[in-house]
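Chemist: If you use the numbering used here, the sequence shown corresponds to residues 31 to 349, in order. Glycine included, C-beta positions come from ideal geometry on N, C-alpha and C. Structure provided below as structure tokens; questions to follow.
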Amino acid sequence: MERIPQFYPISLKLLLEKEKPCPFDLYVQRSEDKFTKIYNKDDILDVERFQNYYDNKKVFSVYIIQEAYEQYKTIVDQAFIHLKIMTENSKPQEIMPHLEKIVDCLVLDIVGQGNIEDKVVYKAGSFVKTCVSILAQDSNQLAKLIRSFNNYDYCFKHSLIVSIMSIVVAKAAKVKNTKVLEIIALGGFLHDIALITDEFEKENTLKPQKMSDSIREHPTRSAEILMGFPDIPSEVIQIVAQHHEMPNGSGYPKGLYLNAIYYPARIVAIADRFSFLITPRENHNPMKGFEAIVEMMQVKGAYDSQILVEFARLLNFKV
Ligand SMILES: [Fe+2]
Ligand SMILES: [Fe+2]
31 MERIPQFYPI SLKLLLEKEK PCPFDLYVQR SEDKFTKIYN KDDILDVERF QNYYDNKKVF
91 SVYIIQEAYE QYKTIVDQAF IHLKIMTENS KPQEIMPHLE KIVDCLVLDI VGQGNIEDKV
151 VYKAGSFVKT CVSILAQDSN QLAKLIRSFN NYDYCFKHSL IVSIMSIVVA KAAKVKNTKV
211 LEIIALGGFL HDIALITDEF EKENTLKPQK MSDSIREHPT RSAEILMGFP DIPSEVIQIV
271 AQHHEMPNGS GYPKGLYLNA IYYPARIVAI ADRFSFLITP RENHNPMKGF EAIVEMMQVK
331 GAYDSQILVE FARLLNFKV
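This is the structure in structure tokens:
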């Protein structure tokens, strides 16, 4: 009997380079279990056709069979090494197209596996390092990067935006140390990781009532997931565990008051809420930045007022 190959989604963006022979057989998904081969290994890729898939047909990933996966991982690893070199030597606008590819791979690593593994943590670290470095030189580039996230599912888009926005809020709060900025950005990227892994179980295991409990518990559960990774700094775990605490004590899971909340967690809390309010969601129009700040200021003590005022000033809003 013929063995049915298992298919893995890979980043289409990663393949978009001119006149490159295709490193493996490529498939597209036609239905839940039907895949059709569109390229043979070593065929020259038609970049325009792929760009059209991406821009017009909204096909963001193509598939490879299990046997090719190790080779794909090597190509992705090389792309991350290349990002590191570019971050140290190139201008932000030169790094951007490569960074977009890296984000695509990062998202697909998580989508493809339904969980996170050591390498994903390392890659998320590379992503935030580059973002911190770009923001120090040219903040407009990161605004462009945020726009390129539009095609991702909400949860991923949210994590990526919060990560970048956390660096912006931290800068407003006069955090200057690069290492601290990277920790804050990584906390922002991983803050809702339990909600992302829930997405994979939702259909069969989580009932509506369970869902609301699950939301309240997600900071603790996210922190617990991250504790399984020795490379994740404890500061990042603390940020994740406390990102829904509020200075007036009405937050969760512990109801901590102002000074008991870890300062970087207060930064990520602002980035989290602001990103949530300005991102389009199903049945919700996004707020303008100014409206989001006004709403966040309305509930007294919901956010660290000093950081929030500095953030509003950085955005040139008069408060
Ligand atoms: Fe959250
Ligand atoms: Fe969030």
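Would you list the residues whose beta-carbon is nearer than 5 Å to any heavy atom of ligand 2, in the order they occur in the chain?
Modeler: Here the residues come out as 222, 302.
Chemist: Using a 10 Å radius around the Cβ and a threshold of 16 neighbouring Cβ atoms, would you call residue 285 buried or exposed?
Modeler: It counts as exposed.
Chemist: Whose CA, out of 124, 178, 181, 220, lies closest to the CA of residue 168?
Modeler: Considering only alpha carbons, the answer is 124.
Chemist: What three-state label does DSSP hand residue 262 in the structure shown?
Modeler: Reduced to three states, the DSSP call for residue 262 is coil.
Chemist: If you reduce the DSSP assignment to three classes, tell me which class residue 348 lands in.
Modeler: Coil, per DSSP.
Chemist: With DSSP collapsed to three states, give me the class of residue 89.
Modeler: Residue 89: coil per DSSP, three-state reduction.
Chemist: Should residue 249 be counted as a contact of ligand 1 given a C-beta to heavy atom distance under 7 Å?
Modeler: Indeed, a heavy atom of ligand 1 lies less than 7 Å from the Cβ.
Chemist: In angstroms with no decimal places, state the Cα-to-Cα distance between residue 50 and residue 290.
Modeler: Cα to Cα, the separation comes out at about 55 Å.
Chemist: Alpha carbon to alpha carbon, what distance is there between residue 188 and residue 312?
Modeler: Cα to Cα, residue 312 sits roughly 13 Å from residue 188.
Chemist: Relative to the C-alpha of residue 195, which candidate in 45, 219, 135 has its C-alpha closest?
Modeler: Measuring from the Cα of residue 195, the nearest candidate turns out to be 219.
Chemist: Could you tell me which of 65, 186, 165 sits nearest to residue 351, measuring between CA atoms?
Modeler: With the chain represented from 31 up to 349, any question about residue 351 goes unanswered, as that position is not in the structure.
Chemist: Return the residue from the list 338, 341, 308, 314 that minimises the CA-CA distance to residue 176.
Modeler: Closest option to residue 176, Cα to Cα, is 308.
Chemist: Does the beta carbon of residue 128 fall short of 7 Å from some heavy atom of ligand 1?
Modeler: Incorrect: residue 128 has no Cβ contact closer than 7 Å to ligand 1.
Chemist: From residue 82 to residue 336, what does the alpha carbon distance come to, in whole angstroms?
Modeler: C-alpha separation (whole angstroms): 47 Å.
Chemist: Roughly how many angstroms separate the alpha carbons of residue 37 and residue 252, rounded to a whole number?
Modeler: Between residue 37 and residue 252, the C-alpha separation is close to 28 Å.
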